[in-house]
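Add 143 to a position in the sequence shown, counting from 1, and you land on the number used in the working numbering. Below is one structure, written out as structure tokens, with a few remarks after it.
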Amino acid sequence: MLYESVLLFGLLFAAVYLYETLLQFLKKDNPALYDQGQTCWVFVVLGIYFIWCWLKGGQTLPMKTWHIRVVQKDGSPLTPARALARYLCAWLMFLPGSAIWYFFIPTKGMSIVLPGLNFVLWILAARFDRERQFPHDKLAGTRLIVSVGPAGYRAEGTKAQG
């Protein structure tokens, strides 16, 4: 997850820089619209990144490093609808804790505690799941599998006989 965060930092840095450069005029005229637009822009950019990677080969770059692939429950490659569902369901990792903090906690200090707790509980749910799947995978009808390499190759990277 840390590896994914490093990659996403670069992606989001470029996306936010582009947004800031092209729409800076909105910052003075309508700061609330500007901030909401930036949040939506980040959501869309992340969605494009994850969905494109999952559709292209079932993996983001860090998933390739860890030999993990996302597939549908039956083992077939993701459809665009399944990839979108997985992306949207994955936000449940953070949104409930963030919403509770935003709407019901008067102090703005320690804003990371509830979303962080939500995240930890989400990860623990996978740990205690019989199939070791994350809740968002169960909700989206997807699952993570171990992927040792392209078809026709063994784990050591040598071509399979046959």
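No residue lacks a Cβ here, since even glycine has one placed at the ideal position from N, Cα and C. Keep in mind that this is a model prediction, so the values were computed, not measured.
For residue i, the three-state DSSP class (helix, strand or coil)
i	result
Val291	coil
Thr222	coil
Thr285	strand
Ile211	strand
Gln202	coil
Glu163	helix
Cut-off 7 Å between Cβ atoms - residues of its own chain near residue i, not counting five sequence neighbours on either side
i	result
Pro220	Gly201 and Val214
Ala283	Arg225, Ala228, Arg229 and Cys232
Ile288	Arg212 and Val214
Outcome for residue i when other beta-carbon atoms lying within 10 angstroms are tallied against a minimum of 16
i	result
His279	buried
Leu264	exposed
Leu257	buried
Phe277	buried
Thr285	buried
Ala175	exposed
Contacts around residue i, its chain only, beta-carbon distance under 6 Å, and the 5 residues preceding and following it disregarded
i	result
Gly190	Tyr230
Phe156	none
Tyr162	Gln181 and Trp184
Chain-order list of residues whose beta-carbon lies under 8 Å from that of residue i (same chain, five-residue window excluded)
i	result
Thr203	Glu147, Leu150, Tyr192, Phe193, Cys196 and Trp197
Ser254	Trp244
Three or more C-beta pairs below 8 Å linking the segment 270 to 280 and the segment 179 to 199: no
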